[in-house]
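Peer 1:
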Amino acid sequence: MKKKPLLLRPAALFLALTLLLSAPALARGSFPDVESGSWYEADVNALAGEGILLGFEDGTFRPQDSITAGQFITIVARCAGLEEAPASSSHWAAPLLQAALNAGWYDWDELPPTGEGYEEPITRQLAVKVLMKALLPQARGNFAVEAAKLNDLSALNGRYYDTTFAAYSTGVAKGDHQGNFRPLSSLTRAEACALIQRARSQMEEQTPPWPYGTPGPGEAPETSQAPAEALSPAEAIQGGVKENGTLQVVGTQLCNENGDPVVLRGMSSHGLQWYGQFVSSQAMANTAAYGANVFRLAMYTGEGGYLSQPGLMKEKLANAVEAAVENDLYVILDWHILSDGNPMDHVDEAVAFFSEMAETYADTPNVIYEICNEPNGNVSWAKDVKPYAEKVVAAIREHSDGIILIGSPTWSQDIHLPAADPVEGENLMYTLHFYAGTHGKELQERLENALADGLPVFVSEWGASRADGSGGVFPEETKVWLELLKEHSISWCGWSLCDKNETSAALKPGTPPYKAWTGEELSDSGKLMFGAFGG
Ligand code: IDC
Numbered sequence: 002m003k004k005k006p007l008l009l010r011p012a013a014l015f016l017a018l019t020l021l022l023s024a025p026a027l028a029r030g031s032f033p034d035v036e037s038g039s040w041y042e043a044d045v046n047a048l049a050g051e052g053i054l055l056g057f058e059d060g061t062f063r064p065q066d067s068i069t070a071g072q073f074i075t076i077v078a079r080c081a082g083l084e085e086a087p088a089s090s091s092h093w094a095a096p097l098l099q100a101a102l103n104a105g106w107y108d109w110d111e112l113p114p115t116g117e118g119y120e121e122p123i124t125r126q127l128a129v130k131v132l133m134k135a136l137l138p139q140a141r142g143n144f145a146v147e148a149a150k151l152n153d154l155s156a157l158n159g160r161y162y163d164t165t166f167a168a169y170s171t172g173v174a175k176g177d178h179q180g181n182f183r184p185l186s187s188l189t190r191a192e193a194c195a196l197i198q199r200a201r202s203q204m205e206e207q208t209p210p211w212p213y214g215t216p217g218p219g220e221a222p223e224t225s226q227a228p229a230e231a232l233s234p235a236e237a238i239q240g241g242v243k244e245n246g247t248l249q250v251v252g253t254q255l256c257n258e259n260g261d262p263v264v265l266r267g268m269s270s271h272g273l274q275w276y277g278q279f280v281s282s283q284a285m286a287n288t289a290a291y292g293a294n295v296f297r298l299a300m301y302t303g304e305g306g307y308l309s310q311p312g313l314m315k316e317k318l319a320n321a322v323e324a325a326v327e328n329d330l331y332v333i334l335d336w337h338i339l340s341d342g343n344p345m346d347h348v349d350e351a352v353a354f355f356s357e358m359a360e361t362y363a364d365t366p367n368v369i370y371e372i373c374n375e376p377n378g379n380v381s382w383a384k385d386v387k388p389y390a391e392k393v394v395a396a397i398r399e400h401s402d403g404i405i406l407i408g409s410p411t412w413s414q415d416i417h418l419p420a421a422d423p424v425e426g427e428n429l430m431y432t433l434h435f436y437a438g439t440h441g442k443e444l445q446e447r448l449e450n451a452l453a454d455g456l457p458v459f460v461s462e463w464g465a466s467r468a469d470g471s472g473g474v475f476p477e478e479t480k481v482w483l484e485l486l487k488e489h490s491i492s493w494c495g496w497s498l499c500d501k502n503e504t505s506a507a508l509k510p511g512t513p514p515y516k517a518w519t520g521e522e523l524s525d526s527g528k529l530m531f532g533a534f535g536g
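Just so you know, we're using this note's numbering here: the sequence shown kicks off at 2 and counts up by one.
#1: What did DSSP end up calling Y161 once you bin it into helix, strand or coil?
#2: Would you call Q254 buried or exposed, if buried means 16 or more other Cβ atoms sit within 10 Å of its Cβ?
#3: I407 and A421: beta carbons closer than 7 Å?
#4: Take the Cβ of K516 as the centre, count every other Cβ of all protein chains shown within 10 Å, and call the residue buried at 16 or more, exposed below.
#5: Quick check on the DSSP output: what are the complete alpha helix (DSSP H) runs of length 4 or more inside the region 123-164, in order along the chain?
#6: Would you grab the beta carbon distance between V131 and V77 for me? Rounded to a whole angstrom, and I think it's under 8 Å.
#7: How would you write the range of the alpha helix (DSSP H) that M358 sits in, first residue to last?
#8: State yes or no: is the C-beta of S340 within less than 7 Å of the C-beta of A299?
#9: How about V410 and W382: do their beta carbons lie closer than 7 Å?
#10: Work out the CA separation of H337 and I404 for me, nearest whole Å.
#11: Cutting at 7 Å between CB atoms, please list the residues of its own chain near E111, excluding the five before and the five after it.
#12: According to DSSP, W493 sits in a beta bridge with which residue or residues?
#13: Nearest-angstrom Cα distance between A94 and V146?
#14: Would you call the CB atoms of S282 and P514 closer than 7 Å?
#15: Is the beta carbon of S490 less than 7 Å from the beta carbon of P262?
#16: Answer with buried or exposed for E399, where buried requires no fewer than 16 other C-beta atoms within 10 angstroms of its C-beta.
#17: With hydrogens ignored, establish whether the beta-carbon of D469 is closer than 6 Å to any heavy atom of the ligand IDC.
#18: In chain order, what residues of the same chain have a beta carbon less than 6 Å from the beta carbon of S471, not counting five sequence neighbours either side?
#19: If you draw a straight line from the alpha carbon of L54 to that of S170, how long is it in whole angstroms?
#20: Pull up the distance between the alpha-carbon of I397 and that of E85, whole angstroms please.
#21: Taking the alpha-carbon positions, what's the T439 to L485 distance?
#22: Please say whether F32 and F57 have beta carbons closer to each other than 7 Å?
#23: With a CB to CB cut of under 8 Å and the five nearest residues on each side skipped, what residues in its chain are close to D66?
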């Protein structure tokens, strides 16, 4: 019989060349190029000894080569005992990487399941994210403490804050000699082994309650309480735009055209660039069917959003506004700054954008302008956010007297700053954002003080999870918050209307956007939010 050539197809080539299991021919833990006494020797040999990695066909390990995304995530998946999932790509790593994607270790846009990118070096920020989500999902780092350890913090995309700070706080990740994390650089195969082994050693030590990071004031413990029971759509109980017309602010209260108090409650989308399917007219009708009268369009500026594809984002936004109008919903245009923490960095783009929107929607009473989702990092109210707001408010006011929502530093939690030093003008409100698993009494008191100081507040984003969008949910803590909002007739939007595999998502994974939703399709977060639209 003719012998099949070994390296026939690219897939076979990779299988043979890479460091993965299934070819037990190689001697474990004795690579000629792993120097004895080197800093990584023990880590490499430990992983090799367990059969989690093997060397190349020529018996080498190549410690100084960059590790690819496919190699890194496969090793982590094997450490976590992840089972393969059916994959669309024929790449050798596809079944495990698809499973990792399904598990929420990384997102589609970071590494598409088509396989392009699997052979590219993985960035340090993504490697650390995958590792932490996979092996130490409960680890947390205190922002103030951990951020100070990164000299190149400004290079780190906000999307990776939580996992990077968790990795620093547990000692899994460390800076280089200059104290830099180098989030966008690759890492060598030797470094990858060390990183993975550090995470694994933490896994063994981990005993609940999680010992790392200082819990914030009023931080809620993990609860296992049952969430709200199944829901079914009700008659809309909140007045929509046809009933309330053009909104105005009277004192601290949002009011309708006649000056009567009105409370808006509804959902925020996830990033339009990622979950645009859930801002369709059907998705909005489904939300309105449970009693919502407002919908927030989270248009990320960074992270592949407006700043990198303004034309496409504006088109999505325009279609979504149309869908909101069809469904009689108020609609918030959210300039969703997040990784770009200082709104002043893109003030010119913001002024141009809001000027155009205000002109376009001058006669559309549905539209509300949210000009900076969450200023964060090294930003000041007096020097950055307030002057930014003054510019953008002036641009909007050339065309429209519509409601404008203004954020504050520390992810829109520092409302005491505008309370002491508000922006001048009419129909301005200030956003407060909270996540029930992270923020408690201290922020609640801050809210009450700001109201007492006369600050109009709008909770344009809150979650029943922790602040990183996962964990929990926290029904008891949510209840306390919602009662407080109700007591003060404060309007709100829940984060977020999508089916992502994270607890803040209101829909279970796989929920189709193109049909009505039963209560069963709502996640635990979704039940808490949809169940509260009626007050
Ligand atoms: C989170 C999403 C998550 C996404 C991440 C980065 O839930 O899927 O990967 O952003 O884009 C906010 C932000 C909001 C966050 C949310 C949860 O406004 O963009 O969404 N959050 O972390 N502030 C506090 C929490």
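Just so it is clear, CB atoms sit at the ideal spot from N, CA and C, and this is done for glycine as well.
In this text, all values refer to a predicted model and were calculated from it rather than measured experimentally.
Peer 2: Taking the definition as stated:
#1: Start at 1 with the first residue of the sequence shown, and residue 161 comes out as number 160. Reduced to three states, the DSSP call for Y161 is helix.
#2: Walking along the sequence shown from the start, residue 254 turns up at place 253. Buried: at least 16 other Cβ atoms inside 10 Å.
#3: Counted from its first residue, the sequence shown places residue 407 at position 406. Counted from its first residue, the sequence shown places residue 421 at position 420. Not closer than 7 Å, so no.
#4: Here the question's residue 516 lines up with position 515 in the sequence shown. Exposed, since its Cβ has fewer than 16 Cβ neighbours within 10 Å.
#5: 125-136, 144-148
#6: Residue mapping note: residue 131 aligns to position 130 of the sequence shown, counting from 1. Residue mapping note: residue 77 aligns to position 76 of the sequence shown, counting from 1. Right, the Cβ-Cβ distance comes to about 6 Å (below 8 Å), so this counts as a contact.
#7: Taking the sequence shown and counting its residues from 1, one reaches residue 358 at position 357. That run of the alpha helix (DSSP H) goes 348-361.
#8: What you label residue 340 is simply residue 339 of the sequence shown in a count that begins at 1. What you label residue 299 is simply residue 298 of the sequence shown in a count that begins at 1. Against a cut-off of 7 Å, the Cβ pair of A299 and S340 comes out as no contact.
#9: Taking the sequence shown and counting its residues from 1, one reaches residue 410 at position 409. Taking the sequence shown and counting its residues from 1, one reaches residue 382 at position 381. The question names Val, yet the displayed sequence has Pro at residue 410. Yes. Within cutoff.
#10: As a position in the sequence shown, residue 404 is number 403, starting the count at 1. As a position in the sequence shown, residue 337 is number 336, starting the count at 1. Taking the straight line from one Cα to the other gives about 17 Å.
#11: As a position in the sequence shown, residue 111 is number 110, starting the count at 1. Taking E111 as the centre and dropping the five residues before and after it, the same chain places the C-beta of L127 closer than 7 Å to its C-beta, in chain order.
#12: The sequence position of residue 493 within the sequence shown is 492, counting from 1. For W493, which the question treats as bridged, DSSP gives the partners R266, V460.
#13: Translated into positions along the sequence shown, residue 94 becomes position 93. Translated into positions along the sequence shown, residue 146 becomes position 145. Answer to the nearest angstrom: the Cα atoms are 37 Å apart.
#14: As a first step, residue 282 is located in the sequence shown; it is residue number 281 there, counting from the start. As a first step, residue 514 is located in the sequence shown; it is residue number 513 there, counting from the start. No, these two residues do not count as a Cβ contact at 7 Å.
#15: Counting from 1 along the sequence shown, the entry for residue 490 is found at position 489. Counting from 1 along the sequence shown, the entry for residue 262 is found at position 261. Cβ distance < 7 Å, so S490 and P262 count as in contact.
#16: For the purposes of this step, residue 399 is taken as the residue at position 398 of the sequence shown. Flag for E399 reads exposed.
#17: By 1-based counting over the sequence shown, the position of residue 469 is 468. D469 Cβ: within cutoff of the ligand IDC.
#18: Your numbering for residue 471 matches position 470 in the sequence shown. Counting only Cβ-Cβ distances below 6 Å, and skipping sequence neighbours, we find E503, T504.
#19: To locate residue 54, count along the sequence shown from 1; it is residue 53. To locate residue 170, count along the sequence shown from 1; it is residue 169. Cα-Cα distance, rounded: 27 Å.
#20: By 1-based counting over the sequence shown, the position of residue 397 is 396. By 1-based counting over the sequence shown, the position of residue 85 is 84. Roughly 52 Å separates the two Cα atoms.
#21: Here residue 439 refers to the residue found at position 438 when the sequence shown is read from its first residue. Here residue 485 refers to the residue found at position 484 when the sequence shown is read from its first residue. Straight-line Cα distance between these residues: approximately 16 Å.
#22: Counting from 1 along the sequence shown, the entry for residue 57 is found at position 56. Counting from 1 along the sequence shown, the entry for residue 32 is found at position 31. Their beta carbons are not under 7 Å apart, which means F57 does not touch F32 by this criterion.
#23: The sequence position of residue 66 within the sequence shown is 65, counting from 1. The residues are T189, R190.
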